[in-house]
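Asker:
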Amino acid sequence: RQVDPGQVEFIQAVTSFMNSIDKLIEDIPQLVYHKVLDRVVEPERVVMFRVPWFDDDGQLQLNRGFRVQMNSAIGPYKGGLRLHPSVNLSILKFLAFEQTFKNSLTGLPMGGGKGGSDFNPKGKSDGEVMRFCQSFMTELSRHIGEDTDVPAGDIGVGGREIGYMFGQYKRMNNKFVGILTGKGMSYGGSYIRPEATGYGLVYLCAAMLEAQGKTYDGKTCLVSGSGNVAQYTTEKLNQMGAKVISMSDSSGVLIDPSGIDEKKLAYVKTLKNVRRGRIAEYAQQYKEATYIPHNGQRDYNPLWEVKADYAFPSATQNEINAKDARNLVANGIQLIGEGANMPTTLEADDIFTDAGVLQAPSKAANAGGVAVSGLEMSQNSGRLQWSAQTVDQQLQGIMKNIYVSIDAAAEKYSTKNNFIDGANIAGFLKVSEAMIAQGYV
Ligand code: NDP
Numbered sequence: 049r050q051v052d053p054g055q056v057e058f059i060q061a062v063t064s065f066m067n068s069i070d071k072l073i074e075d076i077p078q079l080v081y082h083k084v085l086d087r088v089v090e091p092e093r094v095v096m097f098r099v100p101w102f103d104d105d106g107q108l109q110l111n112r113g114f115r116v117q118m119n120s121a122i123g124p125y126k127g128g129l130r131l132h133p134s135v136n137l138s139i140l141k142f143l144a145f146e147q148t149f150k151n152s153l154t155g156l157p158m159g160g161g162k163g164g165s166d167f168n169p170k171g172k173s174d175g176e177v178m179r180f181c182q183s184f185m186t187e188l189s190r191h192i193g194e195d196t197d198v199p200a201g202d203i204g205v206g207g208r209e210i211g212y213m214f215g216q217y218k219r220m221n222n223k224f225v226g227i228l229t230g231k232g233m234s235y236g237g238s239y240i241r242p243e244a245t246g247y248g249l250v251y252l253c254a255a256m257l258e259a260q261g262k263t264y265d266g267k268t269c270l271v272s273g274s275g276n277v278a279q280y281t282t283e284k285l286n287q288m289g290a291k292v293i294s295m296s297d298s299s300g301v302l303i304d305p306s307g308i309d310e311k312k313l314a315y316v317k318t319l320k321n322v323r324r325g326r327i328a329e330y331a332q333q334y335k336e337a338t339y340i341p342h343n344g345q346r347d348y349n350p351l352w353e354v355k356a357d358y359a360f361p362s363a364t365q366n367e368i369n370a371k372d373a374r375n376l377v378a379n380g381i382q383l384i385g386e387g388a389n390m391p392t393t394l395e396a397d398d399i400f401t402d403a404g405v406l407q408a409p410s411k412a413a414n415a416g417g418v419a420v421s422g423l424e425m426s427q428n429s430g431r432l433q434w435s436a437q438t439v440d441q442q443l444q445g446i447m448k449n450i451y452v453s454i455d456a457a458a459e460k461y462s463t464k465n466n467f468i469d470g471a472n473i474a475g476f477l478k479v480s481e482a483m484i485a486q487g488y489v
């Protein structure tokens with residue numbers, strides 16, 4: 049059914065998913081009988097609302113807020129909030145759709161959702177961000193709850209924004225409950241949640257590499273982005289003996305052939321998380337690095353032209369197009385570990401598959417963040433806080449299990465090492481079983 053003709057990203061995500069699920073239909077005829085595929089692409093509910101807030105000059109500003117409650121078959125809706133000027137219904141529906149199967153893969157009881165706003169946090173003062181977050185939560189609070197829908201962070205939403213939103217919810221409802229994850233450690237957060245997506249990505253790819261008799265030791269890696277996922281991917285890659293030679297932001301690309309080591313990464317964390325500066329400043333601080341400004345006329349990203357063993361796109365959707373994929377393959381790339389959600393176009397996926405490049409798709413590879421969010425929910429329900437070591441061990445176990453399940457599903461229903469098919473199928477099996485069991489809702 050072509051009901052959302054303008055929703056390019058959502059249709060892309062559904063197309064990729066359906067290409068995999070086609071391989072299941074013969075084995076599970078109930079999927080057709082119960083119209084599971086028709087139902088699973090339709091959000092259970094979408095909330096859209098206006099968000100008025102005052103800027104520092106006392107001027108009224110308006111943004112649009114959203115929450116897509118995609119699927120609650122296996123648990124309360126769960127998924128991040130994105131604050132970025134590009135946010136629209138298509139992007140949030142694609143993210144909520146992907147989130148449904150990702151959450152299933154973690155083995156934890158979480159449904160899928162996603163939300164956010166076209167608010168641009170860049171260049172805004174703390175006061176402006178706080179007033180926006182308070183206004184956004186004033187409406188969102190009616191639609192969420194610890195047993196209903198538990199949002200988290202995503203692009204543009206980190207500890208600062210979660211704190212402001214949590215404070216507003218608490219003030220409105222006079223309840224201290226786990227309605228958001230990614231909270232600060234002093235008010236119900238979980239150890240390892242900030243690290244979880246990046247660390248989990250590196251753990252999952254370690255399992256994938258191990259099965260091929262490979263490791264990270266001495267390998268050169270490309271990372272894109274310089275936000276939460278990029279920072280902790282780089283940190284864990286360094287710890288596992290790899291060398292990371294790139295990062296980026298929306299203004300440009302940074303290449304440092306000598307490696308972004310622990311000390312330089314600490315500089316990036318302060319630059320991006322505290323000073324909220326641009327990655328260009330890194331090249332002024334460290335002369336061995338080269339900075340290439342963004343140029344909208346280019347039809348490729350110079351970051352993916354650099355020769356490396358493994359690549360970890362960790363910025364945003366569709367950041368690797370067909371030309372980028374060809375550049376990576378020509379330079380002998382062996383692994384694509386997707387930190388960002390859907391960072392590759394459908395054409396790029398085909399190029400990697402044809403070239404035999406290992407591809408760890410986002411719904412499996414970046415599931416560590418939501419997995420630890422699930423553990424944060426458990427800790428909040430029990431009113432306790434586990435040690436960093438306990439959470440990290442659980443994260444490692446979950447990522448290993450995800451690898452085992454997507455590998456098994458790929459082998460059973462598709463072809464060995466087709467982890468895109470493996471992740472779509474393994475994630476969908478549990479969701480579809482729960483949807484059938486619960487009748488037509
Ligand atoms: P952050 O906001 O912390 O960082 C995003 C980074 O990507 C920044 O460097 C940003 O540059 C860059 N970026 C964002 N949009 C664009 C764009 N349109 N073009 C070029 N660069 C861009 O977000 P996260 O690190 O949290 O998220 C990154 C990706 O990982 C997203 O796809 C997200 O959905 C996914 N993800 C995140 C999880 C999490 O736990 N945080 C969990 C699972 C997936 P700039 O600084 O200039 O804005």
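The opening position of the sequence shown corresponds to residue 49 in my numbering, with each subsequent residue numbered one higher.
Backbone N, C-alpha and C fix where the C-beta goes; we use that ideal spot for every residue, glycine too.
Is the segment 111-125 touching the segment 194-201, taking contact as three or more C-beta pairs under 8 Å?
Answerer: Contact holds: three or more Cβ-Cβ distances are below 8 Å.
Asker: So for residue 352, helix, strand or coil by DSSP?
Answerer: Within the sequence shown, the letter at position 304 stands for residue 352. DSSP places residue 352 in helix when its eight states are reduced to three.
Asker: Would the beta-carbon of residue 271 be found less than 7 Å away from any heavy atom of the ligand NDP?
Answerer: Counting from one through the sequence shown, the residue named residue 271 turns up at place 223. Taking 7 Å as the cut-off, one finds no heavy atom of the ligand NDP near enough to the beta carbon of residue 271.
Asker: Below 8 Å between beta carbons: does that hold for residue 316 and residue 274?
Answerer: Translated into the one-based positions of the sequence shown, residue 316 becomes position 268. Translated into the one-based positions of the sequence shown, residue 274 becomes position 226. In contact: residue 316 and residue 274 (Cβ atoms closer than 8 Å).
Asker: Mind checking which residues open and close the alpha helix (DSSP H) that includes residue 140?
Answerer: The residue labelled residue 140 in the question sits at position 92 within the sequence shown. Per DSSP, residue 140 belongs to the alpha helix (DSSP H) from 137-153.
Asker: Residue 152 and residue 417 - do their beta-carbons sit closer together than 8 Å?
Answerer: The residue you call residue 417 lines up with position 369 of the sequence shown. The residue you call residue 152 lines up with position 104 of the sequence shown. For residue 417 and residue 152, no; Cβs fall outside 8 Å.
Asker: Do you know offhand how far residue 116's Cα is from residue 93's?
Answerer: Translated into the one-based positions of the sequence shown, residue 116 becomes position 68. Translated into the one-based positions of the sequence shown, residue 93 becomes position 45. When rounded, the distance between both Cα atoms is 6 Å.
Asker: Within 10 Å of its beta-carbon, does residue 84 have 16 or more other beta-carbons around it, so buried, or fewer, so exposed?
Answerer: Within the sequence shown, the letter at position 36 stands for residue 84. Classification for residue 84: buried.
Asker: Any chance the segment 168-183 sits against the segment 135-152, with 3 or more Cβ pairs inside 8 Å?
Answerer: Result no; under three Cβ-Cβ pairs closer than 8 Å.
Asker: Give me, in chain order, the residues of the same chain whose beta-carbon lies closer than 7 Å to that of residue 120; leave out the 5 immediate sequence neighbours on both sides.
Answerer: By one-based count along the sequence shown, residue 120 stands at place 72. Same-chain partners within the cutoff: 92 and 159.
Asker: How should residue 323 be labelled, buried or exposed, when 16 other C-beta atoms within 10 angstroms of its C-beta is the threshold for buried?
Answerer: Here residue 323 is taken as the residue at index 275 of the sequence shown, counted from 1. When all chains shown are included, residue 323 counts as exposed.
Asker: Could you tell me which uninterrupted alpha helix (DSSP H) segments, each at least 4 residues in length, are contained entirely in the segment 302-335, listed from first to last along the chain?
Answerer: 310-317 and 328-333
Asker: Excluding sequence positions up to five away, which residues of its chain have a Cβ less than 7 Å from the Cβ of residue 268?
Answerer: Looking up residue 268 in the sequence shown gives position 220. For residue 268, where only same-chain residues beyond five positions count, the Cβ hits under 7 Å are 291, 293, 356 and 357.
Asker: Mind checking whether residue 71 and residue 415 have CB atoms under 8 Å apart?
Answerer: Translated into positions along the sequence shown, residue 71 becomes position 23. Translated into positions along the sequence shown, residue 415 becomes position 367. In this structure, residue 415 does not lie closer than 8 Å to residue 71 by Cβ.
Asker: Would you grab the beta carbon distance between residue 202 and residue 130 for me? Rounded to a whole angstrom, and I think it's under 8 Å.
Answerer: Numbered from 1 along the sequence shown, position 154 holds the residue referred to as residue 202. Numbered from 1 along the sequence shown, position 82 holds the residue referred to as residue 130. The pair is a contact, with the Cβ atoms about 4 Å apart (cut-off 8 Å).
Asker: Of all the options 189, 470, 204 and 200, which has the alpha carbon lying nearest to the alpha carbon of residue 216?
Answerer: Counting from 1 along the sequence shown, the entry for residue 216 is found at position 168. Measuring from the Cα of residue 216, the nearest candidate turns out to be 189.
Asker: List the endpoints of the continuous beta strand (DSSP E) containing residue 296.
Answerer: The sequence position of residue 296 within the sequence shown is 248, counting from 1. Element bounds for residue 296: 294-297.
Asker: Residues in its own chain within less than 7 Å of residue 169 by CB, not counting five upstream and five downstream?
Answerer: For the purposes of this step, residue 169 is taken as residue 121 along the sequence shown, with counting starting at 1. Closer than 7 Å at the Cβ level, and outside the excluded window around residue 169, lie 131, 177 and 204.
Asker: Less than 7 Å separating the Cβ of residue 297 from some heavy atom of the ligand NDP?
Answerer: Here residue 297 is taken as the residue at index 249 of the sequence shown, counted from 1. Checking the Cβ of residue 297 against the ligand NDP gives yes.
Asker: Which residues bound the alpha helix (DSSP H) around residue 161?
Answerer: Taking the sequence shown and counting its residues from 1, the one referred to as residue 161 is at position 113. For residue 161, no alpha helix (DSSP H) segment is defined; the enclosing uninterrupted segment is the beta strand (DSSP E) at 160-165.
Asker: Check whether the segment 337-345 touches the segment 353-373, counting contact only when three or more Cβ pairs, one atom from each stretch, lie closer than 8 Å.
Answerer: no
Asker: Closest by CA to residue 186, which one among 114, 381, 118 and 281?
Answerer: Taking the first residue of the sequence shown as position 1, residue 186 is located at position 138. When each option's Cα is compared against that of residue 186, the closest is 114.
Asker: Checking the sheet assignment: what are the DSSP bridge partners for residue 116?
Answerer: Indexing the sequence shown from 1 puts residue 116 at position 68. According to DSSP, which records beta bridges pairwise, residue 116 is partnered with 94 and 162.
Asker: Would you call the segment 432-449 and the segment 231-245 touching, i.e. three or more CB-CB distances under 8 Å?
Answerer: yes
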